[in-house]
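Going by the UniProt record's numbering, the letters in the sequence shown line up with residues 1 to 473, in that order.
All C-beta atoms, glycine included, are put in the ideal place defined by N, C-alpha and C.
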Amino acid sequence: MDSRTWPCQQYNKCGEGETSMSRKSWLIAGSTLLAAQMALAGCSDGTSNDKVSPSASSAASGTAGSGSGEVTQITLWHMEEPPNRVERFNEIIDQFNAANPDIKVTAQVQSWNDAYTKFPAAIQSGNGPDLLFTIPDYTTVIKQLGVVQPVDDIVKSLDEKHGFLEAAVTPYQYDDHVWAVPAYGMVQVLWYRKDLLDAAGITPPKTWDELAEAADKLTTGSQYGIALPASKSMATDQVLYSFLVTAGAKNIIDGNNLITFNSENIVKAYEMYAKLLKDSPADSNTYTWGEPQAQFNAGTAAMAIEKGQYLSTFEEESGRPSTDLGITTMPVADGGEEGSIYYSNAIMMLTDDSAKQAAIAKFFDYLYDPSNYGNFLNAEPGLFLPVTEDGAAEGSSFWSDPVIAKYKDQVQVLLDASKNGQLFGFTNGVASKIGQISGPNYLAQTLEQITSKGASAAEAVDWGQNQMENAVK
C-alpha cells in the first residue's frame with residue numbers, strides 16, 4: 001500500500017475490454033454529442049432488469065418505511081448484460097442487503113447502447129441512479145452534467161485497507177478529486193497455442209521481430225500465424241494501442257487535448273500491424289473481439305492479442321487441454337516499452353444525499369472485503385481483474401474460482417501485465433475530448449487508410465493526425 005495523497009492534483013500515469021470491455025468500449029462517443037443527446041426523450045418504465053427506468057432512482061424519497069425502521073434505498077445501474085454476470089452481481093448485492101437490513105441496494109441492468117443517448121436525459125431529469133458503472137472516457141462525459149460526486153474519502157479509506165493499483169485509480173483523478181471508485185481491470189496480452197508453437201519449434205515471442213518471424217512461420221496451409229481485428233471498431237483500436245504502447249508511443253493526446261499522433265514510433269507501429277495482417281485471415285477487416293478468439297480456439301490461428309476472456313472457453317471450444325493455452329506479455333519493439341492497453345472499470349456516485357452516501361460507503365466496504373471481492377470479479381473469470389493488492393493476494397476469494405485455479409499461471413501474467421497498463425487519453429493528463437477520438441475509432445480508421453486505400457503507414461498516420469486535430473477543435 002502506498003502513501004498516495006488524496007486527491008491527487010496532478011495526473012501522472014495512465015491506467016478497459018469486451019468485457020467485455022469490448023462491448024463497452026466500441027460504443028464510446030464524443031462528449032460533443034451531449035447537447036444533442038440531452039434533448040432526447042427520457043426512458044421507459046421497467047422492472048429491476050429493465051433498461052433505464054424513471055422509477056430507478058429513489059432520490060426523491062431517499063428512504064422507505066419497513067417494520068424495523070427506515071431503509072436507505074440505493075439504485076445501481078450496470079451495463080454487464082450477460083446472464084452470468086447479472087446473476088453473480090445480484091448474488092453479491094443480495095448478500096449485502098441481507099447483512100445490512102437498513103440498506104437496500106437494487107441493481108438494474110442497462111445497456112451501453114443507451115449510455116450516451118438515454119442516460120444523460122434520465123440523470124438530469126432526476127431519474128438517474130445513485131451508482132453508475134463507468135469507464136474513464138465515459139466519466140469525462142457524465143461529469144459535464146454536474147452530478148458526479150467526488151469519492152476522495154471512499155477511495156482513500158479503501159486504499160488504506162486494501163491498496164489500490166495506481167493504474168486503476170489514475171484515470172479517475174483530475175480536477176483535484178477522484179471521480180469514481182475502481183471496480184475491476186482488464187488488460188491485453190499475447191495468447192498463443194502452445195501445441196502449435198511447440199510443433200513448429202517456436203518459443204513465445206518477446207520482441208516485435210520475434211512476433212513477426214513467428215507469425216510468418218506459423219502461417220502454413222489452412223493455419224494462420226495470428227488473428228487480428230482490422231475493422232472500424234474499438235476492438236481494433238484496443239489492439240492497435242497495445243502496439244503503440246510497446247512502440248514507446250503511448251502519448252497521443254494530452255491533458256490540453258493536444259494531438260501528438262504523427263510520430264516516427266507510431267508510424268512503425270502501423271507498419272508492424274500491417275505486416276502482421278498478412279499472416280492473419282483474409283477477412284480480418286471484419287473482425288472485432290469474437291472472431292480472433294474463435295479462430296484461435298479452432299486452431300486456425302496460432303496467436304491472438306486480447307484480454308482474459310480466453311480462459312473460460314478455451315478447453316470447451318478448442319478440445320485441447322488447459323496446458324495448451326499459452327500466454328505472455330505484449331512483445332516489445334526495439335527501443336519501446338513494456339505494457340499494453342488497460343481499462344479500469346469503475347463506479348460513479350451520483351447522489352449528494354448524505355444518508356445515501358454513508359450507505360454507499362458501507363456497500364463499498366463490503367464489496368472490497370477480500371472474502372467477497374473475488375466472488376464479484378469472477379462473474380467473468382480472468383476478464384475482470386482485481387484492482388486492489390489484497391484482492392489478488394493468496395487466500396482471497398478471487399483464487400477460489402475453478403477457472404482461476406486451473407489457469408493460475410496465466411492469471412498471474414494478466415495481473416503482472418496490469419501493472420504496466422496504459423490507456424490513450426489518460427497517459428499525460430486527462431484529455432477531456434478523448435471521446436472525440438475514441439468514438440469515431442480514429443485509430444482503426446487510420447489503419448483502414450493502409451488496408452483499404454493503399455496509403456503508406458506514414459501517409460495514414462499523417463491523415464490520422466489531421467482527423468484528430470479537427471475532432472478536438
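Are any of the Cβ atoms in chain C nearer than 9 Å to that of residue i?
| i | result |
| --- | --- |
| residue 276 | Absence of chain C from the displayed structure is noted, only one protein chain being present. |
Counting C-beta neighbours from all protein chains within 10 Å, is the total for residue i 16 or more, i.e. buried, or is it exposed?
| i | result |
| --- | --- |
| residue 80 | buried |
| residue 466 | exposed |
| residue 422 | buried |
| residue 475 | Any property of residue 475 remains undetermined from this structure, which presents the chain solely from 1 to 473. |
| residue 166 | buried |
| residue 286 | exposed |
| residue 412 | exposed |
| residue 237 | buried |
| residue 222 | exposed |
| residue 400 | exposed |
| residue 198 | exposed |
| residue 182 | buried |
| residue 129 | buried |
| residue 114 | buried |
| residue 470 | exposed |
| residue 380 | buried |
| residue 282 | exposed |
| residue 329 | buried |
| residue 101 | exposed |
| residue 95 | exposed |
| residue 69 | exposed |
State the DSSP-derived secondary structure class of residue i, mapped to helix, strand or coil.
| i | result |
| --- | --- |
| residue 76 | strand |
| residue 243 | helix |
| residue 37 | For residue 37, the predicted structure reports a pLDDT of 33, less than 50, and the residue's modelled location is therefore unreliable. A value from the coordinates is still provided. Of the three classes helix, strand and coil, the one that applies to residue 37 here is helix, per DSSP. |
| residue 456 | coil |
| residue 210 | helix |
| residue 220 | strand |
| residue 433 | coil |
| residue 421 | strand |
| residue 271 | helix |
| residue 287 | coil |
| residue 472 | coil |
| residue 306 | strand |
| residue 108 | strand |
| residue 276 | helix |
| residue 466 | helix |
| residue 192 | strand |
| residue 226 | coil |
| residue 103 | strand |
| residue 447 | helix |
| residue 385 | strand |
| residue 259 | strand |
| residue 253 | strand |
| residue 461 | helix |
| residue 378 | coil |
| residue 301 | strand |
Can you list, in chain order, the residues of its chain with a C-beta nearer than 6 Å to that of residue i? Leave out the 5 residues immediately preceding and following it.
| i | result |
| --- | --- |
| residue 456 | none |
| residue 82 | none |
| residue 265 | 247, 248, 249 |
| residue 433 | 257, 472 |
| residue 428 | 251, 254 |
| residue 205 | 211, 214, 331 |
| residue 304 | 191, 227, 292, 296 |
| residue 415 | 392 |
| residue 348 | 132, 134, 148, 180 |
| residue 420 | 338, 339 |
Could you pull out every residue in the same chain whose Cβ sits closer than 7 Å to the Cβ of residue i, ignoring the five residues on either side in sequence?
| i | result |
| --- | --- |
| residue 352 | 149 |
| residue 66 | Confidence at residue 66 is low in this model, with a pLDDT of 42, below 50, so its placement is unreliable and no value can be given for it. |
| residue 336 | 246, 247, 248 |
| residue 317 | 297 |
| residue 418 | 165, 167, 185, 187, 342, 385 |
| residue 402 | none |
| residue 109 | 49, 78, 81, 86 |
Given residue i, which residues of its chain have a CB within under 8 Å of its CB, disregarding the five upstream and five downstream residues?
| i | result |
| --- | --- |
| residue 396 | 370, 371, 373, 374, 386, 390 |
| residue 99 | 366 |
| residue 89 | 78, 80, 107, 376, 379 |
Regarding residue i and the ligand PLP, is the C-beta to nearest heavy atom distance less than 8 Å?
| i | result |
| --- | --- |
| residue 464 | In the structure on display, the ligand PLP does not appear, and there are no ligands present to speak of. |
Report yes or no: do the region 306-321 and the region 121-136 share at least 3 C-beta pairs separated by less than 8 Å? no
Completely contained beta strand (DSSP E) runs for the region 315-372, where each covers 3 or more residues: List check, beta strand (DSSP E) in window: 325-328, 340-349.
Any 3 or more C-beta pairs closer than 8 Å across the region 196-216 and the region 161-178: no
Could you name each continuous alpha helix (DSSP H) segment of 4 residues or more that falls completely within the region 118-189, going from the start of the chain to the end? 119-124, 136-143, 152-162, 166-169
Would the region 407-415 and the region 225-233 be scored as touching if the rule is three or more Cβ pairs under 8 Å? no
Three or more beta-carbon pairs under 8 Å between the region 360-369 and the region 201-210, yes or no? no
Using a Cβ distance threshold of 8 Å, determine whether the region 291-299 contacts the region 443-458, with at least three qualifying pairs required. no
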